[in-house]
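K.L.:
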Amino acid sequence: MTHPLVTIMIPTRNQRELVGDAVRSALAQDYPNLEVVVSDDASTDGTAQALAPLADAPRLRLFVNETNLGRVGNYRHTLTERANGEWVLNLDGDDRLTAPDFISHAVAAARTAQDVMLVCGRHAELFPDGSRRIPPVNASAPPLMSGRDFLLVLPDQRVNVLHLATLYRRETALAIGFYGMDVLSSDWESLYRLALEGSVAFIPDIAGDWRRHPGSAGLGAPLAQRIANLGIFDSVADAALRRRVLTSEEANGWRRRMLAIEARGILHTECARGGPAALVRAIAQFHAHGRGGAAMGALLSLASPTTWLKRRARRRQMEEVR
Numbered sequence: 001m002t003h004p005l006v007t008i009m010i011p012t013r014n015q016r017e018l019v020g021d022a023v024r025s026a027l028a029q030d031y032p033n034l035e036v037v038v039s040d041d042a043s044t045d046g047t048a049q050a051l052a053p054l055a056d057a058p059r060l061r062l063f064v065n066e067t068n069l070g071r072v073g074n075y076r077h078t079l080t081e082r083a084n085g086e087w088v089l090n091l092d093g094d095d096r097l098t099a100p101d102f103i104s105h106a107v108a109a110a111r112t113a114q115d116v117m118l119v120c121g122r123h124a125e126l127f128p129d130g131s132r133r134i135p136p137v138n139a140s141a142p143p144l145m146s147g148r149d150f151l152l153v154l155p156d157q158r159v160n161v162l163h164l165a166t167l168y169r170r171e172t173a174l175a176i177g178f179y180g181m182d183v184l185s186s187d188w189e190s191l192y193r194l195a196l197e198g199s200v201a202f203i204p205d206i207a208g209d210w211r212r213h214p215g216s217a218g219l220g221a222p223l224a225q226r227i228a229n230l231g232i233f234d235s236v237a238d239a240a241l242r243r244r245v246l247t248s249e250e251a252n253g254w255r256r257r258m259l260a261i262e263a264r265g266i267l268h269t270e271c272a273r274g275g276p277a278a279l280v281r282a283i284a285q286f287h288a289h290g291r292g293g294a295a296m297g298a299l300l301s302l303a304s305p306t307t308w309l310k311r312r313a314r315r316r317q318m319e320e321v322r
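Residue numbering for the sequence shown follows full-length UniProt numbering, beginning at 1 and increasing consecutively.
(1) Between the segment 177-187 and the segment 106-120, do at least 3 Cβ pairs fall closer than 8 Å?
(2) Residues in its own chain within less than 7 Å of P204 by CB, not counting five upstream and five downstream?
(3) What three-state label does DSSP hand L167 in the structure shown?
(4) Using 10 angstroms around the beta-carbon of Q29, count the other beta-carbons present and answer buried if the total reaches 16, otherwise exposed.
(5) Return the CA-CA distance between M318 and R133, expressed in angstroms with no decimal places.
(6) Considering only residues of the same chain and omitting the five flanking positions on each side of H105, which have a CB-CB separation below 6 Å?
(7) Go ahead and pull the three-state DSSP assignment for N90.
(8) Across which residues does DSSP place P11 in a beta bridge pair?
(9) Quick one: grab the DSSP three-state call for A110.
(10) For R170, which of G85, G292, R24 and A294 has the nearest alpha-carbon?
(11) Could you check what DSSP says for D115 in three-state terms: helix, strand or coil?
(12) Going by Cα to Cα distance, which pick from R243, D95, V119 and G231 is closest to H213?
(13) With 16 other CB atoms within 10 Å as the buried threshold, where does T44 fall?
(14) Are the beta-carbon atoms of V37 and T7 separated by less than 7 Å?
(15) Mind checking who C120 pairs with in its DSSP beta bridge?
(16) For the beta strand (DSSP E) containing S146, list its first residue and its last residue.
(17) If you check the beta carbons only, do N14 and A42 fall under 7 Å apart?
(18) Rounded to the nearest angstrom, what separates R71 and F63 at their Cα positions?
(19) Figure out for me which residue from M258, T247 and R242 has the closest Cα to the Cα of W188.
(20) In this structure, how does DSSP classify L62 when only helix, strand and coil are distinguished?
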């Protein structure tokens with residue numbers, strides 16, 4: 001099909017002030033065969049009323065859940081029961097698209113190989129003061145990578161996926177049980193596993209703005225939730241082994257590196273918030289949750305001169321900012 005149907009999913013809960021922006025940005029896409037599906041997860045702040053003026057917009061379908069399904073449950077229900085597209089992009093209700101031709105370009109990239117599972121673009125971070133930062137992630141990515149290669153270069157942090165900048169193949173996503181893990185990074189876990197089913201395409205377009213604000217799911221999450229989130233790397237490594245995409249040695253090495261990277265970020269955040277005492281408490285929590293090895297890997301990587309140089313270079317790159 002020249003223009004396969006694309007669904008932009010917009011799950012939302014209590015985002016009355018922001019969700020209208022998300023919906024209008026989705027409707028502004030120039031792609032001709034598009035549906036925009038909004039799933040209000042039983043909001044209590046008047047989100048449904050705020051969306052009412054848009055209800056008659058062509059290509060828009062509005063749903064309100066009778067009961068609260070939870071963030072990941074709402075993702076899963078919207079994908080399995082409401083989306084009809086061959087391809088899907090998830091746009092959280094507090095984010096927005098800024099490139100009206102992003103879907104058109106992503107669909108074109110999806111045609112570059114028959115086994116493309118994901119098309120990944122770039123994104124900007126939008127801060128409460130209105131400033132924007134464009135991370136270097138995916139800036140130098142090749143047009144196409146095998147799922148295996150994509151997974152193996154993830155620890156280098158030059159490529160990654162972000163929901164609002166990733167178009168994915170719905171049929172295969174359903175087949176592998178998308179959004180089946182109810183954790184903070186259910187999107188990463190699902191998209192990484194989907195990559196193992198084929199190849200990943202990249203486009204240089206900056207899809208939109210990811211809002212960095214205290215209400216974001218991952219930014220204010222309790223430490224225990226962030227440690228539990230590390231389980232996504234076990235899930236993906238195990239999937240790579242089952243699919244025989246990686247050898248046992250490769251999968252275990254990948255798992256260790258990804259755990260150390262994510263644990264390093266958690267420990268850095270805890271130390272920044274509460275100083276050395278908070279860092280010690282966080283390490284104790286890692287051990288209590290059976291993740292002492294991840295904490296140790298993080299501490300060892302922080303002590304590495306190579307890691308320090310890489311982090312400094314990345315900070316400089318991030319200054320193509322604001």
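All C-beta atoms, glycine included, are put in the ideal place defined by N, C-alpha and C.
P.N.:
Reading from the atomic positions:
(1) Taking a cut-off of 8 Å for Cβ pairs, the segment 177-187 and the segment 106-120 do not touch, as fewer than three such pairs fall below it.
(2) Taking the first residue of the sequence shown as position 1, residue 204 is located at position 204. Counting only Cβ-Cβ distances below 7 Å, and skipping sequence neighbours, we find R122.
(3) In the sequence shown, counting from the first residue as 1, residue 167 sits at position 167. Here DSSP, grouped into helix, strand and coil, assigns L167 to strand.
(4) For the purposes of this step, residue 29 is identified with residue 29 of the sequence shown, where counting begins at 1. Residue environment: Q29 is assigned as buried (16 or more neighbouring CB atoms within 10 Å of its CB, all protein chains considered).
(5) Counting from one through the sequence shown, the residue named residue 318 turns up at place 318. Counting from one through the sequence shown, the residue named residue 133 turns up at place 133. Unreliable positioning characterises M318 in this predicted model, as indicated by a pLDDT of 47, which lies under 50. The coordinate reading is nonetheless provided below. So the alpha carbons of these two residues sit roughly 7 Å apart.
(6) Taking the sequence shown and counting its residues from 1, one reaches residue 105 at position 105. Counting only residues of its own chain and dropping the five nearest sequence neighbours on each side, H105 has a CB closer than 6 Å to the CB of I203 and D205.
(7) Here residue 90 is taken as the residue at index 90 of the sequence shown, counted from 1. Correct three-state label for N90: strand.
(8) Reading the sequence shown from its first residue, position 11 is the one you call residue 11. Bridge partners of P11: S39.
(9) Reading the sequence shown from its first residue, position 110 is the one you call residue 110. Note: A110 maps to helix in three-state DSSP.
(10) Locating residue 170 in the sequence shown gives position 170, where the first residue counts as 1. Nearest to R170 by C-alpha distance, out of G85, G292, R24 and A294, is G85.
(11) Locating residue 115 in the sequence shown gives position 115, where the first residue counts as 1. Reduced to three states, the DSSP call for D115 is coil.
(12) Taking the sequence shown and counting its residues from 1, the one referred to as residue 213 is at position 213. With distances taken between Cα atoms, H213 lies closest to D95.
(13) Taking the sequence shown and counting its residues from 1, one reaches residue 44 at position 44. With fewer than 16 other Cβ atoms from the protein chains shown falling within 10 Å of its own Cβ, T44 counts as exposed.
(14) Position 37 of the sequence shown, counted from the start, is the residue given in the question as residue 37. Position 7 of the sequence shown, counted from the start, is the residue given in the question as residue 7. Yes, Cβ-Cβ distance for V37 and T7 is below 7 Å.
(15) The residue you call residue 120 lines up with position 120 of the sequence shown. Paired residue(s): T166 and F202.
(16) Sequence index remark: in the sequence shown, residue 146 carries index 146 (1-based). It spans L144 to S146 - the beta strand (DSSP E) in which S146 sits, taken as one unbroken run.
(17) Counting from one through the sequence shown, the residue named residue 14 turns up at place 14. Counting from one through the sequence shown, the residue named residue 42 turns up at place 42. By the CB criterion at 7 Å, N14 and A42 fall outside the cutoff.
(18) Working through the sequence shown from its first residue, we reach residue 71 at position 71. Working through the sequence shown from its first residue, we reach residue 63 at position 63. Those two C-alpha atoms are separated by around 15 Å.
(19) Taking the sequence shown and counting its residues from 1, the one referred to as residue 188 is at position 188. If we check each option's Cα against that of W188, M258 comes out closest.
(20) For the purposes of this step, residue 62 is taken as residue 62 along the sequence shown, with counting starting at 1. It is a strand residue.
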